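This report refers to the structure that appears directly beneath it.
Numbering (the numbering used here), first residue to last: 311 to 616.
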């Protein structure tokens, strides 16, 4: 049976979203390459997101609707966007770059996959949503996956700062997801306006802090190329394409596609960075990926009729 126009559009949207997750996954490899070349982690992150915000800026300034949106922002909304920029970019991304300077990519990727778990636990603790049996099952599966991955526990002393930074990134990422959801539901702002403002603020704060504490470093042409690619392609372009795909994909489809990043990062790090990937670690990653997917998608599971 021939595909309908709707089916073709959905297929194209899935391919677009998968391409974006591939770009985002390659970011981890490029970041590790930059860090191994002694780029200061926080300055590196600050450059990426400041340049990315500058890439998005023309699409805001040259669009009358976007300009009108920014002019109409209240002082409270500006404060919320500044807070989002600080938490999601300055804290989350800064800590992620620092963590990657100590930890393997797959290890940090696994840690950050616990973000939906923390968000779900926050919702349960704040009574904003009730815990379902599927949610608790997903949390259990994710925990088992983490135990399989990390046990027997053998953490080198040099990796402890990376784990601390990783937990900071995890906590900040979860908090920014809650804050971002609140801003989008309460203010009804265009995603481009939210991203360009928060990314610009967070990136500048991160870059300033990085230069003050770590210096600028001495990036050569190849390292500037990595920074430019991460900013223009893997951030600004990828964000635009991801938002375009979300106009067609359902929440279930986008969550499933986004979940493919965990194995993509692990495989890319194994191929290009030589990071070990044993059968036990693969099993742990699979459990974590499956568990976090259940936690995110439990609302869409079929329910038995009573």
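The beta-carbon is built from N, C-alpha and C at its ideal position, and this holds for glycine as well. Fair warning: this is a prediction, and the values are worked out from it, not measured in the lab.
Note that the C-beta distance between residue 420 and residue 479 is not below 8 Å.
Judged by pairs of C-beta atoms under 8 Å, the region 575-592 does not touch the region 423-435, as fewer than three such pairs exist. The DSSP assignment places 443-460 as complete runs of the alpha helix (DSSP H) inside the region 443-494, in order along the chain (cut-off: 4 residues). Here DSSP, grouped into helix, strand and coil, assigns residue 509 to helix.
Each residue's CA atom was taken as its position, placing residue 349 and residue 315 some 47 Å apart. By alpha-carbon distance to residue 363, the top candidate from 505, 382, 341 is 505.
Ranked by Cα distance from residue 605, the options 425, 417, 406 are led by 425. Proximity of the region 324-339 to the region 545-560 meets the contact definition, three or more beta-carbon pairs being nearer than 8 Å. Across the structure, residue 397 and residue 491 are spaced so that their CA atoms are roughly 13 Å apart. Per DSSP, the continuous alpha helix (DSSP H) segment holding residue 553 begins and ends at 548-556. Membership of residue 319 in the alpha helix (DSSP H) is indicated by the continuous run 315-346. Apart from the 5 residues on each side of it in sequence, residue 347 sits with its Cβ closer than 7 Å to the Cβ of 533 in its chain, given in chain order. The criterion of a C-beta distance shorter than 8 Å is not satisfied by residue 382 and residue 536. Here the C-alpha atom of residue 471 lies approximately 45 Å from the C-alpha atom of residue 375.
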